[in-house]
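In the numbering used here, the protein residues as written are 66 to 293.
First comes the structure, then the notes that go with it.
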């Protein structure tokens with residue numbers, strides 16, 4: 066796993082000084098996999114789920130932090146980091162990082178609807194996991210691959226998500242307009258192994274400490290009854 070790989074994934078194309086700071090700390094990151102091969106064709110795992118469970122796919126910036134937030138929710142049994150919005154042929158980390166594939170860094174959440182509803186997942190998505198008012202960026206990361214998007218699997222999810230957004234706008238829940246897009250789920254492709262459970266493996270990584278751990282702390286503070 067190269068230093069360049071980690072820079073392209075979740076640092077975007079910001080200040081060189083900041084990039085240098087993060088790259089100098091790369092030796093402290095646990096290597097969980099090898100450099101992805103862009104020649105491989107990814108497998109669509111959007112329909113894979115546990116028996117009796119449902120799935121939801123969200124995008125909102127770097128998938129490391131999104132994954133960490135949702136896997137701390139009661140009723141959620143699995144969270145996978147991956148790519149949605151593009152084809153299988155380009156669903157790999159190096160290519161998605163170009164911002165030209167149509168993909169967004171996303172997470173697939175498997176949950177038990179008897180314990181947590183889709184509406185509750187939306188609440189966590191909008192109020193904790195990311196900022197829905199940032200267009201094609203999230204914090205230090207910029208590009209369409211970091212867009213705010215809900216990939217609906219069926220008409221019911223679409224209707225619930227649209228109604229939720231309409232209610233947020235009606236009540237002026239945010240000081241800026243919500244830019245979250247609703248996109249049909251046409252495929253979810255799991256990211257490379259070293260992206261899965263990244264924060265659990267690398268809790269002291271500077272990007273994680275600055276951008277992701279505060280979200281997990283916010284979840285625990287705002288929704289203690291749902292935190293696990």
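From the three backbone atoms N, C-alpha and C, an ideal C-beta is built for every residue, glycine too.
Predicted, not measured: the structure shown is a model, and the values here were computed from it.
query	result
Could you tell me whether the Cβ atoms of residue 171 and residue 128 are closer together than 8 Å?	yes
For the alpha helix (DSSP H) holding residue 186, just list the boundary residues, first then last.	183–189
Evaluate residue 199 with the Cβ neighbour count: other Cβ atoms within 10 Å of its Cβ, from every protein chain shown; 16 or more gives buried, anything less gives exposed.	buried
May I ask you to list the residues that DSSP assigns as paired with residue 246?	214
How would you write the range of the beta strand (DSSP E) that residue 143 sits in, first residue to last?	141–149
Give me the DSSP bridge partner(s) of residue 120.	175
Between the C-alpha atoms of residue 282 and residue 247, what's the straight-line distance to the nearest angstrom?	28 Å
Tell me residue 200's beta-bridge partners as DSSP assigns them.	According to DSSP, which records beta bridges pairwise, residue 200 is partnered with nothing at all.
Is it buried or exposed for residue 275, if we count other Cβ within 10 angstroms and need 16 for buried?	exposed
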